[in-house]
Each structure stands twice: as structure tokens, then as C-alpha cells.
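Notes to accompany the following structure.
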Amino acid sequence: MATNLFSNAVSTVKDQFGNLRQRSLGEIFSGEVYRDFIAAHRRNDLRAHKVCMSCERCFSPAP
């Protein structure tokens, strides 16, 4: 995770988890958006995260 110049906690430009000016990092990590993102990676089901499907860093495309 990174932050952009607007203080948004992001994985990519399209996946924003929350804004650090409005919520603490702990609130963002325990929030539904971030938890769903992590759960999708654990299941290897990234259909809701199109940008992640082309990344080979964490995702193994089905044969």
C-alpha cells in the first residue's frame, strides 16, 4: 500500500482504501474495502480488481 498526494491509501490508482486525513491507518486496514481486497487475493479471485489480474506479482492466472 502507498499514499498519493491527496493522502489516499491506495494499492493502485484505481483501488483506494480510504483517506488518511479522514481515517486512521488502523481504520483503513480494518475497513471493509481493504479486507475485501486482501480476501480476494487470498482466494486468488481478482475479478473485482481488474488491474490486479494483469499483475504477476501476487496473482497466478488460471491455466
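The sequence shown stops at residue 63 when you use the working numbering, and every number in between is there. Quick reminder that beta carbons are idealized off the backbone N, C-alpha and C, glycines included.
{"query": "Bounding residues of the beta strand (DSSP E) (the contiguous stretch that carries GLY18)", "result": "16–19"}
{"query": "Bridge-paired residues (DSSP) for VAL10", "result": "ALA2, GLN16"}
{"query": "Start-to-end residues for the alpha helix (DSSP H) that takes in LEU25", "result": "25–29"}
{"query": "Neighbourhood of THR3 by C-beta, 8 angstroms cutoff - its chain only, sequence neighbours within 5 removed", "result": "ALA9, VAL10, LEU20"}
{"query": "Residue span of the alpha helix (DSSP H) that contains ASP45, given as start and end", "result": "Looking at the DSSP string, ASP45 is not in any alpha helix (DSSP H), and its letter there is neither H nor E."}
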